[in-house]
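*Asks:* I have a structure here, written as structure tokens, and I will follow up with some questions on it.
Residue numbers (this note's numbering), protein chains in the order written: chain A, 408 to 659; chain B, 57 to 272.
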């Protein structure tokens with residue numbers, strides 16, 4: 408891997424990114440770098456633009472201005488080049504979005520076969536190993552609806568990992584879960600952190616942010632308001648908006 | 057009553073054989089062309105979307121007899137490839153029915169949650185892969201009942217070909233009256249014949265609905 412810019416470019420680099428929905432600006436001048444192996448948690452009130460930021464990184468949301476680079480390469484426009492890049496960027500959605508007409512193991516093995524051209528047998532074997540790793544190998548032959556939310560989200564993480572991504576994006580992975588299922592998903596995510604995966608996590612789980620994040624990015628009104636280590640953010644937030652946000656969360 | 061059927065079995069056999077042949081060939085053609093049109097209508101390329109919607113608007117609003125008139129009388133004057141009338145009848149049915157198949161498939165595609173296609177794209181699947189591996193297999197479930205209706209209409213529309221000299225089931229009655237047999241009884245047998253043909257269609261619909269309703 409050669410890069411003209413630096414020996415090791417940041418895994419994700421966003422420079423002056425702007426995004427509007429109609430006339431409503433949702434991302435304003437976003438500048439963000441995430442290094443290899445770094446875990447960044449994005450916090451903020453709803454409507455702050457956290458999910459949109461996450462979704463611009465693999466161009467599920469096209470941007471209106473600025474620049475996004477993944478591992479030193481600029482994000483391509485629609486087409487095969489974009490598909491290739493997306494294959495290297497894992498994504499986990501709030502609503503899981505498992506393929507409803509495929510079994511769990513088929514969900515995990517599908518993209519490696521279609522995109523990476525791995526043989527079906529190898530993909531199946533790898534998928535089973537991943538399902539064991541997230542603790543649901545006994546659910547392999549069931550359909551998504553037959554699983555609990557927590558199991559579905561763990562399957563979705565396995566599906567993303569099957570592509571051996573360079574970086575993982577989590578868009579509120581526990582927000583659609585019943586409270587008792589949040590921990591099992593966070594445990595899988597924490598194990599990924601330990602293995603050195605580069606991650607960007609949009610979440611409301613303060614405990615996870617405190618324990619697992621290298622940096623906390625606080626967004627409000629489409630802007631990055633603070634970017635600091637979790638200790639500093641939770642004990643001594645600099646901005647009023649962050650203080651206000653933390654005050655609301657910690658009082659109930 | 058049964059004698060009429062026995063006496064004219066040659067007529068009924070060729071008639072219904074041609075009906076089935078027209079139906080099967082036109083059905084396959086219409087499904088393929090209709091699916092392609094639907095893909096065009098949901099594609100990210102504006103030109104393809106325009107062609108798709110233009111096609112549907114023209115052929116869905118044209119009477120079938122007019123389409124047949126074109127293939128029967130206008131087509132030979134175009135000095136294109138000379139094809140037998142049976143093939144032209146199949147073409148007329150395909151061209152007409154594909155517009156309806158397209159709209160049924162497209163409405164089915166719209167019933168599939170956006171998140172399914174997003175997850176597929178996020179994994180690196182191309183537009184065509186997303187459509188064929190993720191979206192269409194799920195769209196088909198909600199498409200089976202209306203698609204059966206479209207195919208049912210196609211089956212009955214094959215009789216229009218009789219008016220253009222294809223010896224299918226609709227051609228039986230005029231020939232019967234030439235032979236001096238009872239047209240009324242002859243028609244009853246044709247109706248029964250069509251009922252028998254519809255049964256496998258409906259049965260297939262039931263089986264498919266049952267099989268696919270589980271995995272939602």
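By construction, the Cβ of each residue, glycine as well, lies at the ideal position given by its N, Cα and C atoms.
Among B:234, B:209, B:57, which has the Cα closest to the Cα of residue 250 (chain B)?
*Replies:* With distances taken between Cα atoms, residue 250 (chain B) lies closest to B:209.
*Asks:* So is residue 588 (chain A) in contact with chain B if we call contact Cβ pairs under 9 Å?
*Replies:* No - not a single Cβ of chain B is within 9 Å of the one on residue 588 (chain A).
*Asks:* Starting from the C-beta of residue 629 (chain A), find all residues in its chain whose C-beta is less than 6 Å away, skip the five residues before and the five after it, and write them out in chain order.
*Replies:* The residues are 432, 433, 434, 435, 456.
*Asks:* If you pair each beta-carbon of the region 518-528 of chain A with each one of the region 178-191 of chain B, do three or more pairs fall below 8 Å?
*Replies:* Enough Cβ pairs lie closer than 8 Å, so yes.
*Asks:* Find out if the Cβ-Cβ distance for the pair residue 564 (chain A), residue 596 (chain A) is shorter than 9 Å.
*Replies:* The answer is yes: Cβ separation under 9 Å.
*Asks:* Looking at chain A, is there any beta carbon in it that lies within less than 9 Å of the beta carbon of residue 190 (chain B)?
*Replies:* Chain A contact via Cβ: present.
*Asks:* So residue 182 (chain B) contacts chain A; which residues on that side make the cut at Cβ distance below 8 Å?
*Replies:* By Cβ distance, chain A contributes 487, 490.
*Asks:* Whose C-alpha, out of B:143, B:114, B:190, is nearest the C-alpha of residue 154 (chain B)?
*Replies:* Looking at the Cα atoms, B:114 is the closest of the given residues.
*Asks:* On the three-state DSSP scale, how would you describe residue 59 (chain B)?
*Replies:* Residue state, collapsed to three classes: helix.
*Asks:* Answer with buried or exposed for residue 57 (chain B), where buried requires no fewer than 16 other C-beta atoms within 10 angstroms of its C-beta.
*Replies:* Result: exposed.
*Asks:* From the DSSP output, which residues share a beta bridge with residue 419 (chain A)?
*Replies:* Beta-bridge pairing links residue 419 (chain A) to A:441, A:477.
*Asks:* Can you pull the chain A residues whose beta carbon is under 7 Å from the beta carbon of residue 193 (chain B), in chain order?
*Replies:* Per Cβ cutoff of 7 Å: 508.
*Asks:* Since I believe residue 129 (chain B) is in contact with residue 148 (chain B) (beta carbons under 8 Å), could you give me their beta-carbon distance rounded to a whole number of angstroms?
*Replies:* Rounded, the Cβ-Cβ distance is 12 Å, inconsistent with contact.
*Asks:* Should residue 104 (chain B) be counted as a contact of the ligand GTP given a C-beta to heavy atom distance under 8 Å?
*Replies:* No copy of the ligand GTP appears in this structure; indeed no ligand is present at all.
*Asks:* Do the region 160-168 of chain B and the region 196-205 of chain B touch if we need at least three Cβ pairs shorter than 8 Å?
*Replies:* With the cut-off at 8 Å, the region 160-168 of chain B and the region 196-205 of chain B touch.
*Asks:* What would DSSP say about residue 572 (chain A), mapped onto helix, strand or coil?
*Replies:* Residue 572 (chain A) falls in the coil class under three-state DSSP.
*Asks:* Taking Cβ positions, are residue 505 (chain A) and residue 551 (chain A) nearer each other than 9 Å?
*Replies:* Against a cut-off of 9 Å, the Cβ pair of residue 551 (chain A) and residue 505 (chain A) comes out as a contact.
*Asks:* Under 9 Å between the Cβ atoms of residue 496 (chain A) and residue 572 (chain A)?
*Replies:* Going by C-beta atoms, residue 496 (chain A) is nearer than 9 Å to residue 572 (chain A).
*Asks:* Going along the region 151-182 of chain B in order, which residues come within less than 8 Å of chain E, judged by CB to CB distance?
*Replies:* The displayed structure is made up of protein chains A and B, and chain E is not among them.
*Asks:* With 7 Å as the C-beta to C-beta threshold (strictly closer), list the residues of the region 84-101 of chain B near chain A in chain order.
*Replies:* Cβ contacts with chain A: 100.
*Asks:* With a Cβ-Cβ cutoff of 9 Å, do residue 78 (chain B) and residue 217 (chain B) count as a contact?
*Replies:* Going by C-beta atoms, residue 78 (chain B) is nearer than 9 Å to residue 217 (chain B).
*Asks:* Report the CB separation of residue 82 (chain B) from residue 150 (chain B) in whole angstroms; it is logged as a contact under 8 Å.
*Replies:* Right, their Cβ atoms sit about 5 Å apart.
*Asks:* Out of curiosity, what's the CA-to-CA distance linking residue 548 (chain A) and residue 511 (chain A)?
*Replies:* Taking the straight line joining both Cα atoms gives about 6 Å.
*Asks:* Once the 5 residues before and after residue 264 (chain B) are set aside, which same chain residues still bring their CB inside 6 Å of it?
*Replies:* Answer for residue 264 (chain B): 200, listed in chain order.
*Asks:* Out of curiosity, what's the CA-to-CA distance linking residue 453 (chain A) and residue 611 (chain A)?
*Replies:* Straight-line Cα distance between these residues: approximately 10 Å.
*Asks:* CB-CB under 7 Å to residue 644 (chain A), same chain, minus the five flanking residues each way: which ones, in chain order?
*Replies:* Taken in chain order, the residues that qualify are 633, 650, 653.
*Asks:* Give me the subset of the region 235-266 of chain B whose CB atoms are less than 7 Å from a CB atom of chain A, sorted by chain position.
*Replies:* Taking 7 Å as the Cβ-Cβ cut-off against chain A, none of the residues of the region 235-266 of chain B qualify.
*Asks:* Hey, residue 588 (chain A) and residue 553 (chain A): beta-carbon distance below 9 Å or not?
*Replies:* Result no, Cβ atoms of residue 588 (chain A) and residue 553 (chain A) do not sit closer than 9 Å.
*Asks:* Within this structure, are the beta carbons of residue 444 (chain A) and residue 604 (chain A) separated by less than 9 Å?
*Replies:* Yes, they are a contact pair.
*Asks:* Any Cβ of chain A within less than 9 Å of the Cβ of residue 197 (chain B)?
*Replies:* At least one chain A Cβ lies under 9 Å of residue 197 (chain B).
*Asks:* Give the C-beta separation of residue 578 (chain A) and residue 462 (chain A) to the nearest angstrom, bearing in mind that I take them to be a contact with Cβ-Cβ under 8 Å.
*Replies:* The Cβ separation is near 7 Å, so the contact holds.
*Asks:* How would you label residue 493 (chain A), buried or exposed, when you count the other beta carbons within 10 angstroms and need 16 or more for buried?
*Replies:* By the 10 Å Cβ count, residue 493 (chain A) comes out buried.
*Asks:* Take residue 555 (chain A) and list the residues in its own chain whose beta-carbon comes closer than 7 Å to its own, dropping the five residues that flank it on each side.
*Replies:* If we look at residue 555 (chain A) and ignore the five residues flanking it on each side, its Cβ neighbours are 588.
*Asks:* Ignore the nearest five residues each way along the sequence and tell me which others in residue 243 (chain B)'s own chain have a CB closer than 8 Å to its CB.
*Replies:* Only 229 meet the Cβ criterion.
*Asks:* Please check the pair residue 562 (chain A) and residue 515 (chain A), which I expect to be a contact at CB under 8 Å, by giving their CB distance rounded to whole angstroms.
*Replies:* The Cβ separation is near 7 Å, so the contact holds.
*Asks:* Which residue wins for smallest C-alpha separation from residue 481 (chain A), given the options A:447, A:422, A:500?
*Replies:* Out of A:447, A:422, A:500, A:422 has the C-alpha closest to the C-alpha of residue 481 (chain A).
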